[in-house]
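What follows is a set of notes on a single structure, which appears directly below.
Printed below as a string of structure tokens:
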């Protein structure tokens, strides 16, 4: 489910504060309270045209209400709850809210005084031509000044997204094999010992059997069992490939 509509306001006692969570070892990693990374008030902005086709994100605001413009709608008095399980947007004035699972957020980025979110609202089996995306902006109320609040919100969402990775959409099972089958992983056991013996009783590796290390190990040993030129020495910084990391990336894609 891309999101869930809620009517009850989130409560602080429903969560474990992040500071408290970091100071203790939880008794269990499953079934406990969600960890609250950030709770803030702010505004939600969405284009009028997109709101017309995604009315759940109105949080109770209607055409003609304050903030409902011809091109953009600004919904004030929104509570923003960033927990380890959901991003929750709630408007107490309307008793309406949205719980967004983190895999629904395909892109989030800092944009001026706001955090831009791109949401994928389609099911996993939706055809590419029918994919439904929605962009909204969260504007935290400035409490300590400047864009610090925006960065705090962005960082909190980033941390929680890492806790909720997107399921592999390409996990169709191709290339999988039964690791419990004799010899499937290259381990020699009493059950498959005969498969690794030749007619003279010498150990051998059957053709096609996977080998731990594979091609990388063969490359290091020159393919004949001897160690390669680079074995057993440290590599200097000048040997590293340039441009492996782009430290200036400003967008974080999660889908």
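Residue numbers (full-length UniProt numbering): 1 to 255. All C-beta atoms in this analysis are idealised placements derived from N, C-alpha and C, irrespective of residue type, glycine included. Just so you know, these numbers come straight off a predicted model, no measurement behind them.
Extent of the continuous beta strand (DSSP E) to which residue i belongs
i           : result
residue 90  : 86-91
residue 119 : 114-120
residue 76  : 72-83
residue 58  : No beta strand (DSSP E) holds residue 58; DSSP gives it neither H nor E.
residue 4   : 4-6
residue 43  : 34-47
residue 99  : 96-101
residue 140 : 133-140
Neighbourhood of residue i by C-beta, 6 Å cutoff - its chain only, sequence neighbours within 5 removed
i          : result
residue 6  : 97, 99
residue 85 : 34
residue 87 : 100
Rounded straight-line distance, which links the Cα of residue j to that of residue i
i           : j           : result
residue 45  : residue 22  : 33 Å
residue 79  : residue 70  : 24 Å
residue 131 : residue 152 : 30 Å
residue 16  : residue 32  : 9 Å
residue 64  : residue 74  : 12 Å
residue 57  : residue 124 : 21 Å
residue 243 : residue 92  : Confidence at residue 243 is low in this model, with a pLDDT of 45, below 50, so its placement is unreliable and no value can be given for it.
residue 195 : residue 165 : 40 Å
residue 51  : residue 121 : 13 Å
residue 111 : residue 128 : 27 Å
residue 66  : residue 167 : 40 Å
CB contact below 7 Å: residue i versus chain C
i          : result
residue 37 : Absent from the structure is chain C; it holds one protein chain and no more.
Burial state of residue i, where buried means 16 or more other Cβ atoms lie within 10 Å
i           : result
residue 149 : buried
residue 89  : buried
residue 10  : buried
residue 156 : buried
residue 201 : exposed
residue 20  : exposed
Spatial neighbours of residue i in its chain, beta-carbon cut-off 8 Å, leaving aside the 5 residues before and after
i           : result
residue 334 : As displayed, the chain neither begins before 1 nor continues past 255, which places residue 334 out of reach and without an answer.
residue 13  : none
residue 48  : 68, 69, 70, 71, 72, 73
residue 126 : 132
residue 41  : 77, 78, 79, 80, 140, 141
Continuous alpha helix (DSSP H) stretch holding residue i: start and end
i           : result
residue 106 : Run containing residue 106: none in the alpha helix (DSSP H); it sits in the beta strand (DSSP E), 105-111.
residue 156 : 148-163
residue 22  : 18-23
Selected residue, minimal CA-CA separation from residue i, among the options
i           : options          : result
residue 113 : 62, 141, 40, 60  : 141
residue 116 : 77, 139, 74, 39  : 139
residue 163 : 82, 55, 62       : 82
residue 94  : 121, 195, 49, 59 : 59
Same chain, Cβ closer than 7 Å to residue i, neighbours up to 5 away in sequence not counted
i          : result
residue 38 : 82, 152, 153, 156
residue 54 : 134
residue 18 : 35, 36, 37
residue 43 : 74, 75, 76, 78, 139
heavy atom of the ligand PLP below 6 Å from residue i C-beta
i           : result
residue 107 : The ligand PLP is not part of the structure shown, which contains no ligands of any sort.
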